[in-house]
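Note sheet for the following structure.
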Amino acid sequence: MSFPRAGALTALLALATLVAGPLAAAEDGATASGEQIATAGNGKGSAPCMSCHGADGSGNAAGGFPVIAGQDAGYMARQLTLIREGKRTSPVMAPIVGSLTDDEIQAVSAYYGAMPKVASSAEPPAEDAAAVALALVQDGDWPGRDLPACNRCHGPGARGVDASFPGLAGQHASYLKSQLEAFRDGTRKTDPGDLMGTVARKLTDDEIAALSGWLAAQPAVRPEAN
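Converting from the sequence shown to the working numbering requires adding 135 to each position, the first position being numbered 1.
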């Protein structure tokens, strides 16, 4: 019987270690890295994030999967935790985040949060709709409906403010629209003091469509670039 040479045997052992590593991590409960979770899952039931959100975190407008690249890590971690705990309804995300530990949620959120923002390719809405959206974003309708401007909470250009308010600029219009409708209908109600629910219930269907389309076409820039 012949045996492999020492160099070949070392290479085989190294390959076996690489293959077995994620399995061993899953068996002993070790925390998967953010990159591993994003590209291959955590080995404990969580599917790879990139299968829906893409390798660059750009999401999928047709599928309703949001852009997550460059979003605040703290905000993403909170949303994933809310979904895992059943406090935020998401039939698609719930089984994916169900096996993630707190550390893994923090890790994958940091991984996507560190990614560069994705340039938007969305076309702006028609001139009339754009004017409606711009007025709501910059001024709101405080005298008429006690409706604050979007920028008042989400920051200049709706780029986001730390973990409290997510960046909206450059997000897919389909996702923005679905979330505004969810806040309005009460199917999403995890924001402090029902702030977004109060806002969304004052918006008409046309205003939601205008806002979603206009925000989607705006440059996605990190808040610290201001």
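Using N, Cα and C, we set each Cβ at its ideal position, and we do this for glycine too.
| How do the segment 349 to 357 and the segment 249 to 265 stand: do at least 3 beta-carbon pairs fall below 8 Å, yes or no? | Yes, the segment 349 to 357 is in contact with the segment 249 to 265.
| Whole-Å CB distance - S256 paired with K312, under 8 Å assumed | As a first step, residue 256 is located in the sequence shown; it is residue number 121 there, counting from the start. As a first step, residue 312 is located in the sequence shown; it is residue number 177 there, counting from the start. Approximately 17 Å separates the beta-carbon atoms of S256 and K312; this is outside 8 Å, ruling out the contact.
| field | Reduced DSSP category for N177 - H, G, I as helix; E, B as strand; rest coil | value | As a working mapping, residue 177 is identified with position 42 in the sequence shown. Reduced to three states, the DSSP call for N177 is coil.
| A265 and W349 closer than 7 Å at C-beta | One-based indexing of the sequence shown puts residue 265 at position 130. One-based indexing of the sequence shown puts residue 349 at position 214. With a cutoff of 7 Å on beta-carbon distance, A265 and W349 are scored as near each other.
| field | Simplified DSSP assignment, three categories, for P354 | value | One-based indexing of the sequence shown puts residue 354 at position 219. Coil at P354, not helix or strand.
| query | Does the Cβ-Cβ distance between G192 and A204 come in under 7 Å? | reply | Position 57 of the sequence shown, counted from the start, is the residue given in the question as residue 192. Position 69 of the sequence shown, counted from the start, is the residue given in the question as residue 204. Yes, the Cβ-Cβ distance between G192 and A204 is below 7 Å.
| request: Pull up the distance between the alpha-carbon of V202 and that of C187, whole angstroms please. | output: The sequence position of residue 202 within the sequence shown is 67, counting from 1. The sequence position of residue 187 within the sequence shown is 52, counting from 1. Going by the C-alpha atoms only, they are around 10 Å apart.
| request: Go ahead and pull the three-state DSSP assignment for L338. | output: As a first step, residue 338 must be located in the sequence shown, where it is residue number 203. Coil.
| So, is R323 buried or exposed, given that buried needs 16 or more other C-beta atoms within 10 angstroms? | The residue given as residue 323 occupies position 188 in the sequence shown. When all chains shown are included, R323 counts as buried.
| said: For the pair the segment 329 to 340 and the segment 228 to 235, tell me if three or more CB-CB distances fall below 8 Å. | reply: Contact fails: fewer than three Cβ-Cβ distances are below 8 Å.
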